[in-house]
Amino acid sequence: MLDATGWVRTLGGIEGYIALHNRVAGVTRAGVDAALAAGTIRVMPAVRGCIYLVPDRMTGVLLRLAGHLSRTRVNNELAKLGCSPQEIQARAG
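Residue numbers 31 to 123, in this note's numbering, belong to the letters of the sequence shown in order.
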């Protein structure tokens, strides 16, 4: 449904359900909840701090995009803590 109608901007509240209900005839909250539980759609960060309901196949792209867009801010915050991105990678590894 999201491929046909476009991604839905959400803040994790009811607006995602309302938008899908208005875009696709017969969509129910139970159907959206089932798709989320099954992992066929996901709530993901995208750009400018916005959150969207997207098809699962977009997860990797959006995680990379969000990481890229926040890298400078995160690196600056790590520097204030006296920690480097390489140290975080080594600990996460």
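Here a beta-carbon is modelled for each residue, glycine too, at the ideal position from N, C-alpha and C. Just so you know, these numbers come straight off a predicted model, no measurement behind them.
Counted within 10 angstroms of its Cβ, other Cβ atoms place residue i as buried (16 or more) or exposed
| i | result |
| --- | --- |
| Ile118 | exposed |
| Gly43 | exposed |
| Ala34 | exposed |
| Ile48 | exposed |
| Thr70 | exposed |
Alpha carbon of residue i to alpha carbon of residue j, nearest angstrom
| i | j | result |
| --- | --- | --- |
| Leu108 | Ala76 | 22 angstroms |
| Pro115 | Asn105 | 7 angstroms |
| Thr102 | Ala96 | 11 angstroms |
| Arg121 | Ala55 | 48 angstroms |
| Arg72 | Leu50 | 14 angstroms |
| Glu45 | Gly36 | 15 angstroms |
| Cys113 | Leu66 | 36 angstroms |
Check whether residue i and residue j have beta carbons under 8 angstroms apart
| i | j | result |
| --- | --- | --- |
| Leu32 | Leu83 | yes |
(message) For the structure I just gave you, are there three or more beta carbon pairs, one from the stretch 49-66 and one from the stretch 90-98, closer than 8 angstroms?
(response) no
(message) My parser needs the beta strand (DSSP E) runs of 3 or more residues fully inside the stretch 39-121; what are they?
(response) 71-75 and 81-85
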